[in-house]
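Engineer:
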Amino acid sequence: MKKLIVMLLALLPSVVMAAGGNVHLDAANNDLSDKASLQRGAKTFVNYCFGCHATQYQRYERVATDLDIPLDLMRDNLIFDKNAKVGDLMTNSISKEYAAVSFGAPAPDLTLVARVRGTDWLYTYLRSFYADPSRPFGVNNVIFPSVGMPHVLEELQGVPTKVYETRLVDGEEVQEYVGIKSNGAGELNADEYDEVVRDLVNFLEYSAEPMKLERQRLGLWVMGFIVIFFVLTVLLKKEYWRDVH
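Taking mature numbering (1 follows the signal peptide of the UniProt record, and there is no 0), I'd label the letters of the sequence shown as residues -18 to -1, 1 to 227.
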């Protein structure tokens, strides 16, 4: 028992670091029933993320069918590998060895990242990059310190920087972090960028569990059946025991 407690205490720092400390997470407010949002998210993913991060547990055809994307449109605009077929898994060409040399570690597959990290974490993470000349790619991240990836959406957001406010604490001025602000050089304004990130996170949530809405719909039917069955069981029990007493 003591060994188990020691092991758990040893793992605690790494768990805290992976969670990103005590940084507040903004609500993603995804809507998996919004097909337009999912389509935009798929477009953003293959254009900005897919070069390094695969979603190797889903197929192009399944994505096209679920998101109401015509197969010819999928082939022409969302499949960049000329040798890939619409029924193939969504893998990319970057090798683990090359990724490890370039980024310090292989880029993780993102099929299930929304289930592992959570949508609020992803939404906040993609909006928490800031300029940091000390880092290899010139950026860092508030909730993932010493991040090893570049800010791939920088052309959309612009160059982001940390914003601080001066507050008095026990009579002393203290610089307190309050958020991220772009320099305005990106293609999108702040609200538009947040919407792009929300669409991307929406797509990643779909990727992690394509049957989620169907599962929830079936769950309601199952609960309804259980309620009806329970009522019938109670009535049947009363009928059987009516003349016993």
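For glycine and all other residues, C-beta sits at the position ideal for the given N, C-alpha and C.
For Leu218, does the count of other Cβ atoms within 10 angstroms reach 16, so buried, or fall short, so exposed?
Structural biologist: exposed
Engineer: Please report the Cβ distance between Leu104 and Leu186, rounded to the nearest whole angstrom; I am assuming they are in contact, meaning their Cβ atoms lie under 8 Å.
Structural biologist: 6 Å
Engineer: Which residue wins for smallest C-alpha separation from Asp8, given the options Gly120, Ser75 and Thr101?
Structural biologist: Thr101
Engineer: What is the DSSP secondary structure of Arg41, reduced to helix, strand or coil?
Structural biologist: strand
Engineer: In chain order, what residues of the same chain lie with their CB nearer than 6 Å to the CB of Leu195, ignoring the 5 residues before and after it?
Structural biologist: Around Leu195: Leu14.
Engineer: Across which residues does DSSP place Pro127 in a beta bridge pair?
Structural biologist: Answer by DSSP bridge pairing: none, since Pro127 is not bridged.
Engineer: I need the DSSP call for Gly23, collapsed to helix, strand or coil.
Structural biologist: Looking at Gly23 - three-state DSSP - the assignment turns out to be helix.
Engineer: At 3 residues or longer, what runs of the beta strand (DSSP E) sit wholly inside the region 50 to 82?
Structural biologist: none
Engineer: What's the C-alpha gap between Asn29 and Lys144?
Structural biologist: 27 Å
Engineer: May I ask you to report which of helix, strand or coil DSSP gives Leu150?
Structural biologist: strand
Engineer: Quick check on DSSP: helix, strand or coil for Thr143?
Structural biologist: strand
Engineer: If contact is defined by three or more beta carbon pairs under 8 Å, each pair taking one atom from either stretch, is the region 117 to 133 in contact with the region 202 to 218?
Structural biologist: no
Engineer: Give me the residue from Leu20, Ala66, Cys31 and Gln38 with the minimum Cα distance to Ala46.
Structural biologist: Leu20
Engineer: So, Ser164 versus Gly140, is the Cβ gap smaller than 7 Å?
Structural biologist: yes
Engineer: Asn123 and Gly23 look like a contact to me (Cβ under 8 Å); what is the Cβ gap, rounded to whole Å?
Structural biologist: With a contact defined as Cβ atoms closer than 8 Å, Asn123 and Gly23 miss out at about 20 Å.
Engineer: With residue 303 as the anchor, note down where its alpha helix (DSSP H) starts and where it stops.
Structural biologist: A question about residue 303 goes unanswered here, because the residues of the chain that appear run from -18 up to 227.
Engineer: Quick check: what's the CA-CA separation for Gly168 versus Lys25?
Structural biologist: 18 Å
Engineer: What does DSSP give as the partner residues of Gly161 in its beta bridges?
Structural biologist: Val145
Engineer: Compute the beta-carbon to beta-carbon distance between Ala36 and Thr73, rounded to the nearest angstrom, for a pair I have assumed lies under 8 Å.
Structural biologist: Distance from Ala36 to Thr73 at the Cβ level is roughly 5 Å; contact confirmed, criterion being Cβ atoms closer than 8 Å.
Engineer: Exposed or buried, what is Asp225 when buried is set at 16 or more other beta-carbons lying within 10 Å of its beta-carbon?
Structural biologist: exposed
Engineer: Pop quiz: Val160 and Leu170 are said to be a contact at Cβ under 8 Å. What is the actual Cβ separation, rounded to whole angstroms?
Structural biologist: Val160 to Leu170, Cβ: 21 Å. No contact.
Engineer: Could you give the residue range of the beta strand (DSSP E) that holds Phe111?
Structural biologist: Phe111 to Ala113
Engineer: Considering just the uninterrupted stretch of the alpha helix (DSSP H) at Glu174, what are its terminal residues?
Structural biologist: First-last of the alpha helix (DSSP H) with Glu174: Ala172 to Ala190.
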